[in-house]
């Protein structure tokens with residue numbers, strides 16, 4: 147009997163049905179033999195960045211990956227041999243943070259491996275997002291939990307891509323946390339090392355105080371946050387003052403110079419002279435640099451090590467010393483930097499030592515007001531501040547020993 151055509155077509159189950167057919171017949175499998183016979187120009191390779199399989203799926207995943215699939219299908223229709231793998235970026239800070247919150251643990255490399263360890267939580271309700279609430283475990287235990295959770299997350303991602311019908315070759319998958327990926331990265335690094343292309347150096351580093359790690363430029367984002375300009379007086383040798391405006395008065399003990407634009411007539415007489423910092427009385431030079439903005443604040447700024455990225459540029463190009471005061475935990479270090487040597491200076495610094503940036507700022511504003519070295523009240527502003535894209539606190543710049551690769 148002829149099949150009856152339904153009044154209303156049903157779409158339910160079509161994804162699974164055709165997905166099985168494509169998988170069984172190798173519809174989207176990479177034909178290596180054909181590629182070899184036709185030559186490399188016949189291959190259209192899709193090298194999209196692998197998704198981070200450590201968060202919740204959302205409409206953006208569907209929106210972005212269908213774009214590349216359209217390109218792959220178009221090239222396939224033109225007769226190209228398509229190489230379209232799928233990878234999972236499960237190595238890095240997002241995975242670490244997800245495992246911390248999901249299981250209520252944090253990695254402590256000093257602890258021994260516990261083969262019978264059972265995590266205190268399992269469910270990702272974020273109840274343990276604070277480090278103080280998380281159970282410390284060995285590195286090996288932590289890595290095992292990373293591998294366990296990422297496998298489950300990747301299954302959900304793969305299920306979505308298959309349901310969408312992406313024309314991916316599912317026999318060509320990879321994970322950035324896999325042993326193969328690790329070996330590949332290690333071999334590449336050892337090759338760089340043997341060629342003299344890899345080297346270590348102490349240098350300013352963008353640092354996330356929550357994750358306790360360096361952050362790459364590609365992982366930055368600017369967020370508008372409230373702040374305030376503080377007008378502060380530095381002291382000249384003749385008893386006068388030079389006033390600067392800063393959003394970070396807590397960095398005064400890290401000050402290494404004042405800087406103004408070389409074309410700024412107001413400050414030309416001071417170039418080559420020195421001033422003393424408020425509260426601490428540390429002698430610092432007054433220098434010229436074209437990055438200083440004549441129309442910003444009072445037109446002259448303090449260079450600290452390090453309050454922002456511009457400080458790093460000035461420090462490097464003007465060959466200045468370092469006076470670091472912030473530790474990797476985002477608190478003012480217990481020991482003062484070079485230049486803060488007298489009992490009086492150290493007593494002032496002790497008022498800040500151990501405090502967070504926020505608390506140190508509040509305390510130094512009080513001291514500046516008490517000493518009469520702050521002019522007027524802080525002026526509230528909103529300004530862009532750099533954050534790690536996955537972080538919730540402003541980045542700091544600390545000096546760390548890092549590996550670098552020479553280019554060119």
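Numbering (the numbering used here), first residue to last: 147 to 554. Glycine is no exception: its CB is placed at the ideal position from the N, C-alpha and C atoms.
With fewer than three CB-CB distances shorter than 8 Å, the stretch 487 to 497 does not count as touching the stretch 456 to 464.
Within the stretch 169 to 198, the complete beta strand (DSSP E) segments of 3 residues or longer fall at 189 to 191, listed in chain order. Here residue 358 is exposed. Its C-beta has fewer than 16 other C-beta atoms within 10 Å.
Membership of residue 378 in the beta strand (DSSP E) is indicated by the continuous run 366 to 381. With a contact defined as Cβ atoms closer than 8 Å, residue 383 and residue 403 miss out at about 16 Å.
In the assembly as shown, residue 530 is an exposed residue. Its beta-carbon has fewer than 16 other beta-carbons within 10 Å.
Runs of alpha helix (DSSP H) with 4 or more residues, each lying fully within the stretch 415 to 468, are found at 455 to 463, listed in chain order. Taking C-alpha positions only, residue 523 is separated from residue 376 by approximately 7 Å.
Listed as beta-bridge partners of residue 292 by DSSP are no residues whatsoever.
353 is the residue among 417, 484 and 353 whose C-alpha sits nearest the C-alpha of residue 475.
Scanning its chain for C-beta atoms nearer than 7 Å, with the 5 sequence neighbours on each side dropped, one finds around residue 473 the residues 479, in chain order. The continuous beta strand (DSSP E) containing residue 320 extends over residues 319 to 321. Boundaries of the alpha helix (DSSP H) around residue 495: 489 to 496. Of the candidates 165, 540, 269 and 511, 540 places its Cα closest to the Cα of residue 371. Pairing residue 451 with residue 436 gives a Cβ-Cβ distance that is not under 8 Å. The beta carbon of residue 285 lies closer than 6 Å to those of 253 and 255 in the same chain, with the five residues before and after it left out. DSSP places residue 349 in the uninterrupted beta strand (DSSP E) bounded by 344 to 354.
Cβ contact annotation for residue 234 (same chain, cutoff 6 Å, sequence separation greater than five): 196, 199, 300 and 321, in chain order. For residue 358, no beta strand (DSSP E) segment is defined, and its DSSP state is neither H nor E.
Comparing alpha carbon positions, the residue from 356, 342 and 361 closest to residue 553 is 342.
The Cβ atoms of residue 453 and residue 394 lie closer than 8 Å to each other.
The alpha-carbon of residue 506 is positioned some 14 Å away from that of residue 425. For the pair residue 251 and residue 309, the Cα-to-Cα distance works out to about 34 Å. Per DSSP, reduced to three states, the secondary structure at residue 472 is strand.
Counting only runs that start and end inside the stretch 212 to 254, the beta strand (DSSP E) elements of at least 3 residues fall at 227 to 229, 232 to 234 and 251 to 253. Pairing residue 239 with residue 499, the inter-Cα distance amounts to about 29 Å.
Each residue's CA atom was taken as its position, placing residue 191 and residue 165 some 22 Å apart.
In the structure shown, residue 511 falls within a helical segment according to DSSP collapsed to helix, strand and coil. Membership of residue 331 in the alpha helix (DSSP H) is indicated by the continuous run 325 to 340.
Under DSSP, the beta-bridge partners assigned to residue 549 are 346.
A Cβ-Cβ contact shorter than 8 Å links residue 232 with residue 316.
In the three-state scheme derived from DSSP, where H, G and I count as helix and E and B as strand, residue 500 is classed as coil. For residue 406, the secondary structure class from DSSP, reduced to helix, strand or coil, is strand. Counted as a single uninterrupted DSSP element, the beta strand (DSSP E) harbouring residue 525 occupies residues 520 to 534. Spatial neighbours of residue 420 in its own chain (CB-CB distance under 8 Å, excluding positions within 5 residues in sequence) are listed in chain order as 383, 429, 430, 431 and 432.
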